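Visitor: Shown below is the structure under consideration.
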Amino acid sequence: MVNPTIEHDVKDLALADEGVSRIEWAAREMPVIKLIQEQFEREKPLRGVRLAACLHVTTETANLMITLQAGGAEVFLAASNPLSTQDSVAAALVARYNIPTFAVRGEDDALYYRHLHAVLDAKPNITMDDGADLVATLHKERRDLLDGIIGGTEETTTGVIRLRAMAKDGALAYPIVAVNEAQTKHLFDNRYGTGQSTIDGITRATNVLWAGKNVVIAGYGWCGKGVALRARGHGAKIIVTEVDPIRALEATMDGHHVMTMDEATRLGDIFITLTGDRDILDRQHFETMKDGAIVANSGHFNVEINIAALKEMSESQRTVRDSVEEYHLMDGRKIFLLAEGRLINLAAAEGHPASVMDMSFANQALAAELITRSQDKLTIEVHTVPPEIDNEVARLKLKSMGIEIDTLTEEQERYLNSWEVGT
Ligand code: ADE
C-alpha cells in the first residue's frame, strides 16, 4: 500500500487491503461498468474534468469512481449518508486508488457536511449526487463555484424530486441529468435492488422470520413494489399504504391488502417506509402499534419515521443489538426502531447488489461523458437520460448475461410504422 499524500478523511487506512478485495469481488458482477472502464481507458473522454461525487461509499461506488478516473477525470468522493459508508472501501479508495475520499461510517451531521465541503473545495466541473445534498449545499453556500460547473447527475428519486423543485423555483443554476429516470436504473435498481437489500438489511439486523408476518409497506413506487415482491416471496402477508389512487389500485391488483396507515398500524408486525416524504409513521401510529412492532425506513432520508415523537412517548430506550433500538413506551409496549430510521438496506446491509448497481452506475458514467461532451450546450433543467444510453446499457447487460433477443424484420418494421393496414 502506498502512503497516501492525497487529502482524505476515512476511519482507518489499515483497512485498505480488505477494501481492495471487496471492491474486486463486486467488480466480478459489474461487466457493463468494466466495458465502459476499458473504453474510457482508451478514449479518456473525461480528461481535464474535476468531478465531485456524493454517493454511498460502497464497493459498487468504488468501481464507478475507478471507471471515472480511468476516463481521465480527477475524482473526489464524499458519503451521501452518515451510516452507509463501508470504511474498508473508503480506506482502499485513498490508499490504493488515489481517490480523495471523505467518509466515516457513523459520522455526525456536522462532519457529513464538512465532507461535502471538502469535495467542493476541489472546485468541481461536474457534481454526481445521491439525494441532492451536494447540489443544494453548492447552491446555498458555495455559489462562487457555479462558474466552473458544466453539469451534474442525480442518482435517486428523492434527489430528482428536490432538483425538479429547484428548477421550478428558478433556483437551479446548472443542468442535471436524472440518472434515476433511466429505465435501466429505476426498473432494476429501485425494484430488485431495494427489494432484495431491504429484506437483507432487516434480516441482518433482526434475524426475523418473514413467513406469516404482516408486513406494512408505505409507498408503492418502484422501491415499494420491489420490497413487497420479495417479502411476499418469503411468505409474508403484505399490506400497502398509498396516497396515489393508481398505485393503490395497482397494489390491490398485485394481490396486496391496501388500507390507511391508521388501520395498518393495528395489524403490522414489520413496517417499512419508502415514500420519500416525512412523518409517514407518526405519534398517532405508534399509539396503536402492536407490542413488539419493528419499524424501518428504506427511503433516502431519515424523515419518514417521526423519531422525536417516538422518543417523547418512551420512558426508556436501549440498544438491544446492532442496528436495533428498543423504545419502551409509557404504556408498557415496546417498539423496535432499526438503524436510527436511516436507509436500512445500506445501514444494516451492503446496499443493492453489484449486478444491479452495474446498470445504475453505467448510466452515471455515460451521463458524465454526455455532460462533458455537451459542454455548455445542455439547457439548465433536469434532463432525462437519452434513450440511446439507456438502450446501450440494457444491450450490454443482456450481452454479459449471454442473452440474445430478436430483431424486427423489414416487413414488421414497416407494419409498425404504417397506419393503413387494419382489420
Ligand atoms: N444505493 C443503493 N445501494 C447502493 C450500493 N450498493 N452502492 C451505492 N449506492 C447504492
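The sequence shown begins at 6 in the numbering used here and counts up by one.
All C-beta atoms, glycine included, are put in the ideal place defined by N, C-alpha and C.
In this text the structure is predicted, and so the values were computed from the model without any measurement.
(1) Within 6 Å: the Cβ of M133 and any heavy atom of ligand 1?
(2) For V263, which residues from the same chain have a beta carbon less than 7 Å from its beta carbon, with the 5 sequence-adjacent residues on both sides left out?
(3) Mind checking if I166 is an interface residue toward chain C, Cβ cutoff 7 Å exclusive?
(4) Report the partner residues of M35 according to the DSSP bridge assignment.
(5) Evaluate K190 with the Cβ neighbour count: other Cβ atoms within 10 Å of its Cβ, from every protein chain shown; 16 or more gives buried, anything less gives exposed.
(6) How many whole angstroms separate the CB atoms of G206 and A352, which I take to be in contact at a CB cut-off of 8 Å?
(7) Looking only at its chain, what residues have a beta carbon closer than 8 Å to the beta carbon of D113, apart from the 5 residues adjacent to it on each side?
(8) Between the Cα of I340 and those of V184, D134, N311, S360, spot the shortest distance and give me the residue it belongs to.
(9) Considering only residues of the segment 228–263, which uninterrupted alpha helix (DSSP H) runs meet the minimum length of 4 residues and lie entirely inside it, listed in chain order?
(10) Inspect the beta-carbon positions of G356 and H61 and report whether they are closer than 7 Å.
(11) Between A210 and D395, is the Cβ-Cβ spacing less than 7 Å?
(12) Buried or exposed: which applies to P9, given that a residue is buried once 16 or more other Cβ atoms fall within 10 Å of its Cβ?
(13) Going by Cα to Cα distance, which pick from D194, S303, L315, G226 is closest to M335?
(14) Taking buried to mean at least 16 other C-beta atoms within 10 Å of its own C-beta, is V109 buried or exposed?
(15) DSSP puts K339 in a beta bridge; with which residues?
(16) So for F306, helix, strand or coil by DSSP?
(17) In this structure, does DSSP put L98 in helix, strand or coil?
(18) Within 6 Å: the Cβ of H357 and any heavy atom of ligand 1?
(19) Confirm the yes/no value for this check: CB of H305, any heavy atom of ligand 1, distance under 6 Å.
(20) Do E159 and ligand 1 come close, with the Cβ less than 6 Å from some heavy atom?
(21) Any idea if K230 is buried or exposed, counting beta-carbon neighbours within 10 angstroms, 16 or more meaning buried?
(22) If you reduce the DSSP assignment to three classes, tell me which class E112 lands in.
(23) State the beta-bridge partners of D14 as determined by DSSP.
(24) Counting C-beta neighbours from all protein chains within 10 Å, is the total for L214 16 or more, i.e. buried, or is it exposed?
(25) Can you look up H388 in the DSSP assignment and give me helix, strand or coil?
(26) Give every residue of the same chain whose Cβ lies closer than 7 Å to the Cβ of L143, excluding the five residues on either side of it in the sequence, and list them in chain order.
(27) Looking at H61 and ligand 1, is the gap between the Cβ and the nearest heavy atom below 6 Å?
Guide: Reading it off the structure:
(1) As a first step, residue 133 is located in the sequence shown; it is residue number 128 there, counting from the start. No, the beta carbon of M133 sits no closer than 6 Å to any heavy atom of ligand 1.
(2) Working through the sequence shown from its first residue, we reach residue 263 at position 258. Closer than 7 Å at the Cβ level, and outside the excluded window around V263, lie V245, E247, A253, A256, T257.
(3) Protein chain content of the structure displayed is limited to a single chain, and chain C is not contained in it.
(4) As a position in the sequence shown, residue 35 is number 30, starting the count at 1. Paired residues: none, contrary to the question.
(5) The residue given as residue 190 occupies position 185 in the sequence shown. Counting Cβ neighbours within 10 Å, K190 comes out buried, since at least 16 surround it.
(6) In the sequence shown, residue 206 corresponds to position 201, counting from 1. In the sequence shown, residue 352 corresponds to position 347, counting from 1. Rounded, the Cβ-Cβ distance is 7 Å, consistent with contact.
(7) The residue labelled residue 113 in the question sits at position 108 within the sequence shown. Only P87 meet the Cβ criterion.
(8) Position 335 of the sequence shown holds residue 340. Looking at the Cα atoms, N311 is the closest of the given residues.
(9) 250–258
(10) In the sequence shown, the residue the question calls residue 356 occupies position 351. In the sequence shown, the residue the question calls residue 61 occupies position 56. For G356 and H61, yes; Cβs fall inside 7 Å.
(11) Taking the sequence shown and counting its residues from 1, the one referred to as residue 210 is at position 205. Taking the sequence shown and counting its residues from 1, the one referred to as residue 395 is at position 390. In this structure, D395 does not lie closer than 7 Å to A210 by Cβ.
(12) Start at 1 with the first residue of the sequence shown, and residue 9 comes out as number 4. P9 should be labelled buried.
(13) Counted from its first residue, the sequence shown places residue 335 at position 330. Checking every option, the nearest Cα to that of M335 belongs to L315.
(14) Here the question's residue 109 lines up with position 104 in the sequence shown. Looking at its Cβ environment, which holds 16 or more other Cβ atoms inside 10 Å, V109 is buried.
(15) On the sequence shown, residue 339 is found 334 positions in, with the first residue counted as 1. K339 is bridged to H333.
(16) For the purposes of this step, residue 306 is taken as residue 301 along the sequence shown, with counting starting at 1. Correct three-state label for F306: coil.
(17) The sequence position of residue 98 within the sequence shown is 93, counting from 1. In this structure, L98 counts as helix in the three-state DSSP scheme.
(18) Within the sequence shown, numbered from 1, the residue matching residue 357 stands at position 352. Correct: H357 has its Cβ closer than 6 Å to ligand 1.
(19) Counted from its first residue, the sequence shown places residue 305 at position 300. Checking the Cβ of H305 against ligand 1 gives no.
(20) The residue you call residue 159 lines up with position 154 of the sequence shown. No.
(21) On the sequence shown, position 225 is the one that residue 230 refers to. Buried, by the Cβ-count rule.
(22) Residue 112 sits at position 107 when you count from the first residue of the sequence shown. If DSSP states are grouped into helix, strand and coil, E112 belongs with coil.
(23) Working through the sequence shown from its first residue, we reach residue 14 at position 9. D14 is bridged to F107.
(24) Counting from 1 along the sequence shown, the entry for residue 214 is found at position 209. With fewer than 16 Cβ atoms within 10 Å of its Cβ, L214 is classed as exposed.
(25) As a working note, residue 388 is residue 383 in the sequence shown. H388: strand per DSSP, three-state reduction.
(26) In the sequence shown, residue 143 corresponds to position 138, counting from 1. Within the same chain, L143 has close Cβ partners L125, T132, L150.
(27) The sequence position of residue 61 within the sequence shown is 56, counting from 1. Flag set: Cβ of H61 near ligand 1.
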